[in-house]
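S.K.: The structure follows.
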Amino acid sequence: EKGTYPHYMLKEVDEQPGVIRKIISEYQDANNELKIDEDILKAMNDADRLYIVACGTSYHAGLVGKQFIEQWAKVPVEVHVASEFSYNMPLLSEKPLFVFISQSGETADSRSVLVQVKEMGHKALTITNVQGSTLSREADYTLLLHAGPEIAVASTKAYTAQLAVLSILSAVTAKSKGIELGFDFLQELAIAANAIETLCDDKEEMEKIAREFLSTTRNAFFIGRAVDYYVGLEGSLKLKEISYIQAEGFAGGELKHGTIALIENGTPVIALATQAHVNLSIRGNVQEVAARGANPCIISMEGLQTEEDRYVLPAVHETLAPLVAVIPLQLIAYYAALHRDCDVDKPRNLAKSVTVE
Ligand code: F6R
Numbered sequence: 244e245k246g247t248y249p250h251y252m253l254k255e256v257d258e259q260p261g262v263i264r265k266i267i268s269e270y271q272d273a274n275n276e277l278k279i280d281e282d283i284l285k286a287m288n289d290a291d292r293l294y295i296v297a298c299g300t301s302y303h304a305g306l307v308g309k310q311f312i313e314q315w316a317k318v319p320v321e322v323h324v325a326s327e328f329s330y331n332m333p334l335l336s337e338k339p340l341f342v343f344i345s346q347s348g349e350t351a352d353s354r355s356v357l358v359q360v361k362e363m364g365h366k367a368l369t370i371t372n373v374q375g376s377t378l379s380r381e382a383d384y385t386l387l388l389h390a391g392p393e394i395a396v397a398s399t400k401a402y403t404a405q406l407a408v409l410s411i412l413s414a415v416t417a418k419s420k421g422i423e424l425g426f427d428f429l430q431e432l433a434i435a436a437n438a439i440e441t442l443c444d445d446k447e448e449m450e451k452i453a454r455e456f457l458s459t460t461r462n463a464f465f466i467g468r469a470v471d472y473y474v475g476l477e478g479s480l481k482l483k484e485i486s487y488i489q490a491e492g493f494a495g496g497e498l499k500h501g502t503i504a505l506i507e508n509g510t511p512v513i514a515l516a517t518q519a520h521v522n523l524s525i526r527g528n529v530q531e532v533a534a535r536g537a538n539p540c541i542i543s544m545e546g547l548q549t550e551e552d553r554y555v556l557p558a559v560h561e562t563l564a565p566l567v568a569v570i571p572l573q574l575i576a577y578y579a580a581l582h583r584d585c586d587v588d589k590p591r592n593l594a595k596s597v598t599v600e
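With the sequence shown counted from 1, adding 243 to any position gets you full-length UniProt numbering.
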């Protein structure tokens, strides 16, 4: 039920702080220590490489998840789009573990890879929102998202839930290997949930940004470096699918290798700047597009901001920044779609779960 909300998407965006808190409690034991099933931890520890396989938004979550796992648990990770996997099957390591990320647990492209790798005798873990779904039943292990039903076609709370669960999996695996993260992970995840709540309370500002940058444009670009690039990919997918604005996400440094030719007077370029180590270089990219007439909208993070920024996110741990940075992108896409009279919850040509290959 969407209650007083005009759309499921807005309701589901607002549910995100609660979903993160629910995930924290679901993955805690009686002593408030994070826990993951022993057999999953064992599979994580036995693997010499993880292969994440997913589609769409879940694929974007996988790209961020790779950072958590490699930085914290120190296991090498590859991330693959499910529909391409069998055409260009990666050379597998000796002890691979496959990780399927799927909100619905029913996506045919992902399932066909699962069937293929199970036939090859490999182990698989499914991260899904739906207990008893096909991908959950057919994999060896399941981690649940606990996000509650996601009704809007555009995925929002499942994405942040996927990031939260992947971060917990990574932190617990690191701990089991005796790797010190050097910060209080649970506390930082709780801080991220609070930051998401602050952003959800600032919808008027998001609506203004959508009006300022997106109400009449034909196209839009999202740029970022490091993990901000992956969040930009997700922001551009959200905008495309519900507002029908042609949008592209790019690595900040890649635009100049061709695509910058598309920048005209007024082209909106939404730039993410949440990562200290690339703060200067992403701002350099903003200068490059601004010099060609673009209308830059910089979304930065407290501690990294400058006066030119359009929006400053509350400070959170740098590695967890994607959970927070995606929120304004979801809301900006929502308001852009509203301003353009689009059917937010049921965009054209799309189905909630894609059960054909
Ligand atoms: C975008 C969106 C899709 C799904 C994709 C995979 O908002 O919802 O890109 O993420 O179809 O679906 P699942 O996660 O159910 O496998």
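Using N, Cα and C, we set each Cβ at its ideal position, and we do this for glycine too.
(1) Confirm the yes/no value for this check: CB of Ser398, any heavy atom of the ligand NAD, distance under 8 angstroms.
(2) Would DSSP call Lys366 helix, strand or coil?
(3) Buried or exposed for Pro404, going by 16 or more other Cβ atoms inside 10 Å?
(4) Run through DSSP, which three-state label would Leu424 get?
(5) Would you call Pro392 buried or exposed, if buried means 16 or more other Cβ atoms sit within 10 Å of its Cβ?
(6) Between the region 335–346 and the region 361–380, are three or more C-beta pairs nearer than 8 angstroms?
(7) Label Met544 either buried or exposed according to how many other C-beta atoms from any shown protein chain fall within 10 Å of its C-beta, with 16 as the threshold for buried.
(8) Taking just the CA atoms, how far does Pro511 sit from Ala453?
(9) CB Leu442 to CB Val567, shorter than 9 angstroms?
(10) When you compare only the Cα positions, how much space is there between Val356 and Arg468?
(11) Applying the criterion that 16 or more other CB atoms from any shown protein chain within 10 Å of the CB defines a buried residue, is Leu523 buried or exposed?
(12) Closer than 8 angstroms: is that where the CB of Leu386 sits relative to any heavy atom of the ligand F6R?
(13) Going by DSSP, what residues sit across from Ala519 in a beta bridge?
(14) Which residues in the same chain have their Cβ closer than 6 angstroms to the Cβ of Gly492, if we skip the five residues on either side of it in sequence?
(15) At the level of alpha carbons, what is the spacing between Leu437 and Phe428?
(16) Which residue spans inside the region 387–453 form an unbroken alpha helix (DSSP H) run of at least 4?
(17) Spatial neighbours of Ile506 within its chain, please: CB distance less than 6 angstroms, with the 5 preceding and 5 following residues excluded, ordered by chain position.
(18) Looking at the secondary structure, which residues open and close the alpha helix (DSSP H) in which Tyr472 lies?
(19) Compute the distance between the beta-carbons of Leu412 and Leu386, then report whether it is under 9 angstroms.
(20) Straight-line CA distance for Ile434 to Glu362?
(21) Report back the beta-carbon spacing between Met252 and Ala390 to the nearest angstrom; my notes put them in contact at under 8 angstroms.
(22) Please report how far the alpha carbon of Lys481 lies from the alpha carbon of Ala576, in whole angstroms.
(23) Can you round the beta-carbon distance between Ser345 and Ala297 to whole angstroms, since I take them to be within the 8 angstroms contact cut?
(24) Looking at the secondary structure, which residues open and close the beta strand (DSSP E) in which Ser345 lies?
(25) Report the rounded CA-to-CA distance for Ala579 versus Asp282, giving the unit in angstroms.
(26) Going straight from the alpha carbon of Tyr472 to that of Pro539, what length do you get?
(27) Quick check: does the Cβ of Ile344 come within less than 8 angstroms of any heavy atom belonging to the ligand F6R?
(28) Using C-beta distances below 8 angstroms, list every residue in its chain close to Asp552, excluding the 5 sequence neighbours before and after it, in chain order.
(29) Which same chain residues end up closer than 6 angstroms to His250 when comparing Cβ atoms and leaving out the 5 residues on each side of it in sequence?
(30) Three Cβ pairs or more, each shorter than 8 angstroms: is that satisfied between the region 311–322 and the region 284–302?
(31) For Lys254, which residues in the same chain have their Cβ closer than 6 angstroms to its Cβ, ignoring the five residues on either side in sequence?
(32) Just to confirm, does residue 226 get its C-beta within under 8 angstroms of one of the non-hydrogen atoms of the ligand F6R?
(33) Helix, strand or coil for Met544? Go by DSSP, reduced to three states.
M.R.: Taking the geometry as given:
(1) Ligands displayed in this structure: the ligand F6R; the ligand NAD is not among them.
(2) As a working mapping, residue 366 is identified with position 123 in the sequence shown. Strand.
(3) Here residue 404 refers to the residue found at position 161 of the sequence shown. For clarity, residue 404 is Ala in the given sequence; the question names Pro instead. Answer is buried; the Cβ neighbour count reaches 16.
(4) For the purposes of this step, residue 424 is taken as residue 181 along the sequence shown, with counting starting at 1. In this structure, Leu424 counts as coil in the three-state DSSP scheme.
(5) In the sequence shown, residue 392 corresponds to position 149, counting from 1. Result: exposed.
(6) yes
(7) In the sequence shown, residue 544 corresponds to position 301, counting from 1. Classification of Met544: buried, given that the 10 Å Cβ count is 16 or more.
(8) Here residue 453 corresponds to residue number 210 of the sequence shown, with the count starting at 1. Here residue 511 corresponds to residue number 268 of the sequence shown, with the count starting at 1. If I take the Cα positions, the gap works out to 10 angstroms.
(9) Start at 1 with the first residue of the sequence shown, and residue 442 comes out as number 199. Start at 1 with the first residue of the sequence shown, and residue 567 comes out as number 324. Their beta carbons are under 9 angstroms apart, which means Leu442 touches Val567 by this criterion.
(10) Position 113 of the sequence shown, counted from the start, is the residue given in the question as residue 356. Position 225 of the sequence shown, counted from the start, is the residue given in the question as residue 468. Each residue's Cα considered, the two are about 30 angstroms apart.
(11) For the purposes of this step, residue 523 is identified with residue 280 of the sequence shown, where counting begins at 1. Looking at its Cβ environment, which holds fewer than 16 other Cβ atoms inside 10 Å, Leu523 is exposed.
(12) To locate residue 386, count along the sequence shown from 1; it is residue 143. Incorrect: Leu386 has no Cβ contact closer than 8 angstroms to the ligand F6R.
(13) In the sequence shown, counting from the first residue as 1, residue 519 sits at position 276. The partner list for Ala519 (beta bridge, DSSP) is empty, contrary to what the question assumes.
(14) Taking the sequence shown and counting its residues from 1, one reaches residue 492 at position 249. So the list reads Phe465, Gly475, Leu476, Ser479, once near-sequence residues are dropped.
(15) The residue labelled residue 437 in the question sits at position 194 within the sequence shown. The residue labelled residue 428 in the question sits at position 185 within the sequence shown. According to the sequence shown, residue 437 is Asn rather than Leu. Straight-line Cα distance between these residues: approximately 14 angstroms.
(16) 400–419, 428–443
(17) Mapped onto the sequence shown, residue 506 falls at position 263. Cβ within range, chain order: Val532, Arg535, Ala537.
(18) Reading the sequence shown from its first residue, position 229 is the one you call residue 472. Where Tyr472 is concerned, the enclosing alpha helix (DSSP H) stretches over 470–486.
(19) To locate residue 412, count along the sequence shown from 1; it is residue 169. To locate residue 386, count along the sequence shown from 1; it is residue 143. Yes, they are a contact pair.
(20) On the sequence shown, position 191 is the one that residue 434 refers to. On the sequence shown, position 119 is the one that residue 362 refers to. Approximately 42 angstroms between the Cα atoms of the pair.
(21) Within the sequence shown, the letter at position 9 stands for residue 252. Within the sequence shown, the letter at position 147 stands for residue 390. Wrong, their Cβ atoms sit about 14 angstroms apart, outside the cutoff.
(22) By 1-based counting over the sequence shown, the position of residue 481 is 238. By 1-based counting over the sequence shown, the position of residue 576 is 333. Rounded to whole angstroms, Lys481 to Ala576 spans 6 angstroms at the Cα level.
(23) Locating residue 345 in the sequence shown gives position 102, counting from the first residue. Locating residue 297 in the sequence shown gives position 54, counting from the first residue. Indeed, because the Cβ distance is near 6 angstroms, the residues count as touching under 8 angstroms.
(24) The residue labelled residue 345 in the question sits at position 102 within the sequence shown. Unbroken beta strand (DSSP E) run through Ser345: 339–345.
(25) Walking along the sequence shown from the start, residue 579 turns up at place 336. Walking along the sequence shown from the start, residue 282 turns up at place 39. When rounded, the distance between both Cα atoms is 45 angstroms.
(26) Here residue 472 corresponds to residue number 229 of the sequence shown, with the count starting at 1. Here residue 539 corresponds to residue number 296 of the sequence shown, with the count starting at 1. The alpha-carbon atoms of Tyr472 and Pro539 are separated by roughly 16 angstroms.
(27) To locate residue 344, count along the sequence shown from 1; it is residue 101. Ile344 Cβ: within cutoff of the ligand F6R.
(28) The residue you call residue 552 lines up with position 309 of the sequence shown. For Asp552, where only same-chain residues beyond five positions count, the Cβ hits under 8 angstroms are Ala516, Ile541, Ile542, Ser543.
(29) Taking the first residue of the sequence shown as 1, we reach residue 250 at position 7. Val587, Asp588, listed in sequence order.
(30) By the C-beta criterion, the region 311–322 is judged to be in contact with the region 284–302, since at least 3 inter-stretch pairs fall below 8 angstroms.
(31) As a working mapping, residue 254 is identified with position 11 in the sequence shown. Result list for Lys254: Lys245, Tyr248, in chain order.
(32) Only positions 244 to 600 of the chain appear in this structure, which leaves residue 226 out of reach.
(33) Walking along the sequence shown from the start, residue 544 turns up at place 301. Here Met544 sits in strand by DSSP.
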